[in-house]
Every structure is written in C-alpha cells, then in structure tokens.
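Once you know that position 418 of the sequence shown is 452 in my numbering, the rest is easy, because the numbers rise by one and skip nothing. Yeah, the Cβ is synthetic: ideal placement off N, Cα and C, and Gly gets one too. Being a predicted model, the structure only gives us computed values, none of them experimental.
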Amino acid sequence: MVDIKLGFDKRYKTHRTIDINAENAGDEALIAGWVTVHRHKGKIIFVKIRDSKGIAQIVIKQGEASEELWTIAEKLNLESVISVKGTIIADDRSHTGAELKPLELNVLADAETLPIDLTSKKTETLIDTIFEYRQLSIRRPEAIAVFRIKHHIGQAVREFYTSAGFYEIWTPYVLGASTEGGAEMFKVDYFGEEAVLAQSCQFYKQASIFSLEKVFGIIPSWRAEKSRTPKHVNEFHQIETEIAFGSDETIMQVQEQLVHHILKTVIEKCQEDLKFLGRSDLKVPTIPFKRFTFGEAKALGTKLVKEEMDMDEPEGDLSTPAETALSRHIGEPFFITHWPTELRGMYYGSDPENDDITLSIDLVAPEGVGELSSGGVRVNDADTLVQRILKKDMDPEMFRWYIDMFKFGGAPHAGFGLGFERITRWITGVAHIREAIMFPRTPDLLTP
C-alpha cells in the first residue's frame, strides 16, 4: 500500500487538514497550507488553513500563545502559506470536531492583497473576474469542489474500462492538414508544413481496435468555433471509446454502465463536495436509459419548444432549444437513435433497412445540460467509405490512409465520444462548461 502522505516533506507537514479531527485528539500534528480565513476578535485570533483535503481551524489566544506566535498570527494575510505545529484538541464547535492548538507558526510564503475575493458567492458580475484571475480563482471553494469531483470522475472512467477489459490508448494531437476536413481547425506550423490540432481522435481510435479490440482514452480535442454557449469551449476532453465487433446496441449498454458507475462512484466518494455545490440530491440513474428515435425526439422537441417558448422548430437537425427542452422534460439520461445520414459524419454506418438512416446515437443528460455523447456503428468497408465521402462533397484523397486501412481486415465496429467536461458540468451543476475546466480556452480566453 502506498503511503497517503508520500511526497510531503516532514519539515512542512506530517498531517493533512482532515486529520485534525476528534479521533486524533491529543496527537501532535504539523500541518501546512493557505490561510483562507483570518479573524481577530479581541484576545483571540481565528485562522482557517486550507489544503487539498479540506480546512482546519486554529485558535490563537493571547496569553496562552507565545508573544512571537501571537505577533505572527496578527499579521497574517489571506492566502499566505503557513505551517502550524500543535496539539489536536476536540471541539464540537469546529466543523471537523477538533481544532489545532498551535505551539509553533511559521510563514512559508507571504501573500499580497488579493485582486479578487476568493470567499464571496459567485455572481454573474463576478464570473468574468473569476476567469481573468483564473490562477487564483481555482482556489475558490466551489472550484476546489468541482475539480475534486472531476478527479473522481476520471478515476471512475479508468476503473470502469480497465475492469471491463479495455485498453487505454493515446492518439496524436498534431495532424496533417489534410487528415480532417472543415474550417473549424486550429492551424500550426510543423517544420514548414501546415498541420492542425486534432478535432478528434476518430480515425486513430478506429485503427487501434484492429489490434486491441476494445479501447478507450481521455483525449483532448480542439475546435476553432467562435461559439459562446454554456456547453462549448475551444479545448476539451472526450472519453473516447471504440469496440471491434461492437454494435449500436452494445455501445448503448457500455454508456449506460459507464454513466451508472461514474455517478455511483462520485456519490460514494464526494458527498461533502456535492453538498457544498448543492448537489446532494444527485441520484444514480436507472438503467436501461429511455430511447427515442430521431423522429420521435424531433416531434416531441417541436411540441415542447412551441408550448414552452412559442418557437417553431426548424427543419433538419434537432435545434439547441429543442434538445434543452427534451433534456428538462425527460428528466433523466436518454438516447436519441437512428439519426439521418445527412446529419452524420461519413464514417457512420447505415441502417441495413434504410440507407438514409444511420445506426448512430446521442446520449443526452437531464437538467437542460443536453448532449453528452455521440457515437454509432462505423463504416468498415473501403468502397462504401469512398462513396460516403463523395456524397459529403469531400475528396477521398484527403483520407487515403484511413480508407486504405479497411482494405486489410476492417472488422465491424462501433464507438462513441463522451464529453468529460460535459458530464462534469452535469454532475457538479455548474452553469457553464468553462467552470468544469481549470484553465478554459474560449474565443475570449487565451490566458492564463
């Protein structure tokens, strides 16, 4: 078993804030972290110190503490880094049931006056400032809770796939300019040649299943869209999955069990953070999820936007208002299946009974969050793929290596990509997907 405190130098800390509890009363402890609360009331100074695990309270009483310790405590600034050595004292008034009675207090790094309030409640007027000073605002309690939960989501993903016999893969981030079509790409110079940042790992995860059969990866993607909606950013991560000998039915089962496992894990391990974010009522979804064909979803979405917003649903793709209305109306995760071929990429396989329909799926989250994932059965025949590319008015030569791959044993397969930040947004309840990213990239955010 690996020591939980591995990496900490004992000159700075021997305990974490969560160790300052009634069970450890009487023990001597050395903790280190950031001053998050500093209150001076007469002859008592209350200090709360934050580390990655939580917050511990220190009470310094004039007359009991040494004069040197009192003087240091008086001058503490918020976010100063301190180490405190003392005795753990049981105290029912503390949220942990104990506090640390200090014997020594050292300032390891002083902090200047903060340019942003890290303790005030998040508001619309504060949100821009939060991202202007993102290097500081990630210390806000809400942000810490979100990123701890996101960590456990990532752990749950890897735990789920590993236990189900999948192999994790890593795909290239820099691609030849002709690898993917479209104008929504970030271009980069690659030793004098034009290259792009990957919009997806689609072709590469398909290639990998012809050797590893069942693969997954948490893989970054970049899209140069000037979209400013609550669910779009320019850099994000996808939980990518591809399965040889899979079908539309099997990938729906995988997604159901994956989402079920993620929610179960987070609810078990992140109760305090969920409570802090107002998400205590989050429940593990029941499986199987409800299913609607595209036609059924389109009809219900059209009805809902008319009734709720007095809007007319346009022809073609499912609009964002309709998707949002469906998400709120159904109230639990659900699939939309059998999307029209004209609305899907050239690599989606058709329904054997209707070439105008693909065996493709979107997974939609409740609460207005909307689409979590897209996926489906893939074309696995080179000639069919060429015809699909031509129908999309694209040049097959742009995709030559990808097409040729299917001439050498292209097994039937299916897969999907589920938005890592999108599922984090749903679970944590944050209003905008950028709040689910430590350092988001949007049309308006390039730094920090």
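So, is residue i buried or exposed, given that buried needs 16 or more other C-beta atoms within 10 angstroms?
i, result
"Gln305", "exposed"
"Thr392", "buried"
"Arg127", "exposed"
"Arg378", "buried"
"Trp38", "Reading the sequence as shown, one finds Ile at residue 38 and not Trp. Under this definition Ile38 is an exposed residue."
"Trp435", "exposed"
"His74", "exposed"
"Pro136", "buried"
"Ala465", "exposed"
"Arg262", "exposed"
"His129", "exposed"
"Ala177", "buried"
"Ser154", "exposed"
"Glu113", "buried"
"Asp282", "buried"
"Glu227", "exposed"
"Gly41", "exposed"
"Gly199", "exposed"
Enumerate in chain order the residues of its own chain whose CB-to-CB distance from residue i is below 7 angstroms, with the five nearest sequence positions on each side excluded.
i, result
"Pro482", "Arg168, Gln169 and Phe473"
"Ile252", "Gly188, Val191, His271, Ile273 and Phe454"
"Asp307", "Ala179, Arg182 and Ile183"
"Ala124", "Ala56, Ala59, Gly131 and Ala132"
Looking at the strands, I want to know which residues DSSP matches up with residue i.
i, result
"Gln272", "Ile253 and Gly453"
"His74", "Ile79"
"Gly402", "Paired residues: none, contrary to the question."
"His447", "Ala278"
"Ile395", "Thr371 and Gly409"
"Pro136", "Gly120"
"Lys155", "None; Lys155 has no bridge partner."
"Tyr382", "Arg412"
"Lys248", "Ile277"
"Ala143", "Val115"
"Leu479", "Thr476"
"Leu231", "Val208"
Using CA coordinates, which residue listed in the options is at the minimum distance from residue i?
i, options, result
"Met432", "Arg313, Lys441, Leu419 and Phe200", "Leu419"
"Ile277", "Tyr436, Thr263, Glu302 and Glu202", "Glu202"
"Leu397", "Met286, Tyr382, Arg468 and Asp427", "Met286"
"Ala66", "Phe220, Lys44, Ile395 and Asn58", "Lys44"
"Glu357", "Gly404, Ser86, Lys77 and Val222", "Gly404"
"Ser361", "Lys332, Trp373 and Leu139", "Lys332"
"Lys77", "Ala63, Glu101, Arg84 and Asn58", "Glu101"
"Leu297", "Arg313, Arg84, Asp282 and Gly402", "Arg313"
"Lys265", "Gly463, Gln289 and His49", "Gly463"
"Val93", "Leu103, Ile253, Asp85 and Lys87", "Leu103"
"Ser407", "Pro367, Glu341, Lys47 and Lys119", "Pro367"
"Asp429", "Leu160, Gly410, Ala465 and Met380", "Met380"
"Ile89", "Gly410, Ile54 and Leu480", "Ile54"
"Lys119", "Ile457, Thr48, Asn58 and Lys82", "Thr48"
"Trp373", "Glu330, Ile364 and Ala399", "Glu330"
"Ala241", "Glu218, Phe442, Phe165 and Asn58", "Phe442"
"Glu57", "Ser86, Leu134 and Lys109", "Leu134"
"Ile370", "Phe328, Pro149, Glu376 and Leu480", "Phe328"
"Glu138", "Ala399, Ala198, Gly383 and Glu62", "Glu62"
"Ile471", "Val413, Ala359, Pro254 and Pro400", "Pro254"
"Leu311", "Gly365, Trp460, Ala359 and His363", "Trp460"
"Tyr382", "Pro446, Tyr195 and Glu98", "Pro446"
"Pro175", "Lys248, Arg84, Asp390 and Glu166", "Arg84"
"Pro400", "Ile364, Val288, Val413 and Gly451", "Ile364"
"Met219", "Ala258, Ile243, Pro386 and Asp478", "Ala258"
"Asp389", "Pro355, Ala448, Gly402 and Lys425", "Lys425"
"Thr51", "Gly409, Glu469, Thr121 and Phe279", "Thr121"
"Glu349", "Met343, Glu376, Phe450 and Arg422", "Glu376"
"Gly402", "Ser394, Ala359 and Gly410", "Ala359"
Please decide whether residue i counts as near chain B, where near means a Cβ-Cβ distance under 8 angstroms.
i, result
"Lys87", "In the structure shown, chain B does not exist; there is a single protein chain."
Whose C-beta lies closer than 6 angstroms to the C-beta of residue i among residues of the same chain, with five residues either side of it excluded?
i, result
"Val191", "Ile273"
"Tyr238", "Thr205"
"Arg173", "Leu152"
"Ile321", "Glu290 and His294"
"Ile79", "Ile94 and Ala107"
"Leu246", "Tyr201"
"Thr163", "Ile150"
"Asn140", "Ser117"
Within its chain, find whatever has a CB closer than 8 angstroms to the CB of residue i; leave out the 5 residues flanking it on each side and keep chain order.
i, result
"Asn111", "Val69, His72, Asp144, Ala145, Glu146 and Thr147"
"Val208", "Val222, Tyr224, Ala229, Val230, Leu231 and Ala232"
"Ser353", "Gly335, Val339 and Glu347"
"Asp415", "Phe440 and Gly444"
"Tyr491", "One cannot answer for residue 491 here, as it falls past the ends of the chain, which runs 35 to 482."
"Val300", "Ile183, His186, Ile187, Ala190, Leu308, Leu316 and Ile461"
CB of residue i to nearest heavy atom of the ligand NAP: below 7 angstroms?
i, result
"Leu139", "Questions concerning the ligand NAP fall outside what the structure shown contains, since it holds no ligand whatsoever."
Inset, instruction - Give, in chain order, every unbroken run of the beta strand (DSSP E) that is at least 3 residues long and sits entirely within the region 184–229. - result: 208–210 and 221–224
Legend entry - Those runs of the beta strand (DSSP E) which lie wholly inside the region 295–345 and span at least 3 residues: Contiguous beta strand (DSSP E) elements confined to the region 295–345 occur at 324–327, taking only those with 3 or more residues.
Inset, instruction - Could I get the ranges of all uninterrupted beta strand (DSSP E) runs contained in the region 41–125, with 3 residues as the minimum, in chain order? - result: 62–75, 78–85, 88–95 and 115–124
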